[in-house]
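Protein chains in written order, with numbering that gives the first Met the number 0: chain A, 0 to 107; chain B, 0 to 171.
Heads up, the beta-carbon is just placed ideally off N, CA and C, and yes, glycines get one too.
These figures come from a predicted structure and were not determined experimentally.
Data first, discussion second: the structure below is written as structure tokens.
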Amino acid sequence: MKLLSLVSIGLAAAAGSIATWVNGQHAITAEPQPGPFPLSQAHAGEALRLVRIDAGCRLAHRLLELGLTPGVALTIIQNSGGPLLISVRDSRVALGRGMAHKLQVQRA
Amino acid sequence: MKTLRVALVGNPNAGKSTLFNALTGAQQHVGNWPGKTVAKKVGFRTYGDYRLEVVDLPGAYSLSAYTFEELITRNYILDERPDVVVVVIDAANLERNLYLAVQVLELGAPTVIVLNMMDAATARGYRIDLDGLAEALQAPLVTTVARQGQGLDRLLEMLTAVAAQQIDSDYA
């Protein structure tokens, strides 16, 4: 078990990431990214700002209708694999992972 | 007694069902389940010389009809031609809600715009230029707090006026 953990740290270090330990579980936290990144990579509770929608016109249209306009503030309620639940303009919106990949966000 | 058909449309959780209950006195559960208003709910009320038949349509973000509920809403407005469409707007969330309002207005349906949850908007420090908004939309505007019954009399007055005018012009 200990050996496995050490290997994990080694891997994380090799990948240029920081490993943090919480209650015996470890999470590999990426270095803060300077530019926009896909919504799918954001964590629950993070305050974000939508920067860009990289989607076709149909999906982009629908996302705009839901209030996901560039510059809007949003927070992630849940992102634990599968669809994401976000909060935007006082509404909770569920997004498939594929959609979340197409939304570029920045930390607010 | 003439019957006026009134349709309530708006974004999910804008307060359509609360307003519906306040208008018709129907006792129904108003909750927060997404897409809860899938069943067609009709309520009645008499106001002045009219019998109002109020339909609580499913929540919609757009008339482009991406979901089944939105399709029901669009088709009702287009096929059933209600005498007046009441667009219920969450005043604390104008930007997104006005999108649907403009779509309804562009259809040319007789419309009354309701800015609901005015108390929530005020609590957030929003100050809405109602005259400016009514002018820009070119539509009658009413403010309400449906939960507390505020603004209902003015809304009834307005929607019967708009609906009656529509009926008159049909037979003029």
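- Minimum Cα-Cα distance from Ser16(B) among the listed residues Glu94(B), Val86(B), Leu129(B) corresponds to Val86(B).
- With contacts defined as CB atoms closer than 8 angstroms, Thr23(B) and Arg44(B) qualify as a contacting pair.
- In this structure the region 91–105 of chain A touches the region 42–59 of chain A; the number of beta carbon pairs closer than 8 angstroms is three or more.
- Counting only residues of its own chain and dropping the five nearest sequence neighbours on each side, Tyr46(B) has a CB closer than 7 angstroms to the CB of Leu155, Thr159.
- Within the same chain, Ala91 come within 7 angstroms of Arg123(B) by CB-CB distance, once the 5 residues on both sides are set aside.
- Residues of the same chain with a CB within less than 6 angstroms of the CB of Val54(B), apart from the 5 flanking positions on each side, are Ala6, Val41 in chain order.
- Here DSSP, grouped into helix, strand and coil, assigns Leu67(A) to coil.
- In this structure, the alpha-carbon of Leu99(B) lies about 8 angstroms from that of Asn10(B).
- With the criterion set as a beta carbon lying under 7 angstroms from some beta carbon of chain B, the region 37–53 of chain A has no members that meet it.
- Residues are counted here when their Cβ sits less than 8 angstroms from a Cβ of chain A; for the region 59–87 of chain B these are Tyr60, Ser61, Ser63, Tyr65, given in chain order.
- Here the C-alpha atom of Ala163(B) lies approximately 21 angstroms from the C-alpha atom of Leu56(B).
- In terms of Cβ geometry, Asp89(B) and Gly150(B) do not form a close pair [threshold 8 angstroms].
- Burial state of Tyr125(B) is exposed, judged by a 10 Å Cβ sphere holding fewer than 16 other Cβ atoms.
- Between Met157(B) and Val144(B) a beta carbon distance of about 16 angstroms is seen, past the 8 angstroms cut, so the two are scored as non-contacting.
- Taking 8 angstroms as the upper bound for CB-CB distance, Val103(B) and Thr110(B) are in contact here, some 6 angstroms apart.
- Along the length of the region 84–155 of chain B, whole alpha helix (DSSP H) runs at least 4 residues long occupy 93–106, 117–122, 129–136, reported in chain order.
- As the crow flies, the alpha-carbon of Ala43(A) is around 19 angstroms from that of Gly70(A).
- Close partners of Arg61(A) in chain B (Cβ separation under 7 angstroms): Tyr65.
- The C-beta distance from Pro37(A) to Ala99(A) rounds to 7 angstroms, short enough to meet the 8 angstroms contact threshold.
- Around Ser86(A), no beta-carbon contact reaches into chain B at under 9 angstroms, the shortest distance being about 12 angstroms.
- In the DSSP annotation of this structure, the continuous segment of the alpha helix (DSSP H) that includes Leu70(B) starts and ends at 67–74.
- Leaving aside the five residues that flank Gln77(A) on each side, the residues in its chain whose CB is nearer than 8 angstroms to its CB run, in chain order, Ala43, Leu83, Leu84.
- Note on geometry: alpha-carbon atoms of Ser90(A) and Gln137(B) lie some 28 angstroms from one another.
- In the DSSP assignment, Gln103(A) is bridged to Pro37(A), Arg51(A).
- Rounded to the nearest whole angstrom, the CA to CA distance from Arg95(B) to Tyr49(B) is 33 angstroms.
- Under the three-state reduction of DSSP, Gly9(B) is assigned to strand.
- DSSP, read as helix, strand or coil, puts Arg88(A) in coil.
- When DSSP states are grouped into helix, strand and coil, Ala72(A) belongs to the strand group.
- The beta-bridge partner set that DSSP reports for Tyr49(B) consists of Lys1(B), Tyr46(B).
- In the structure shown, Ala160(B) falls within a helical segment according to DSSP collapsed to helix, strand and coil.
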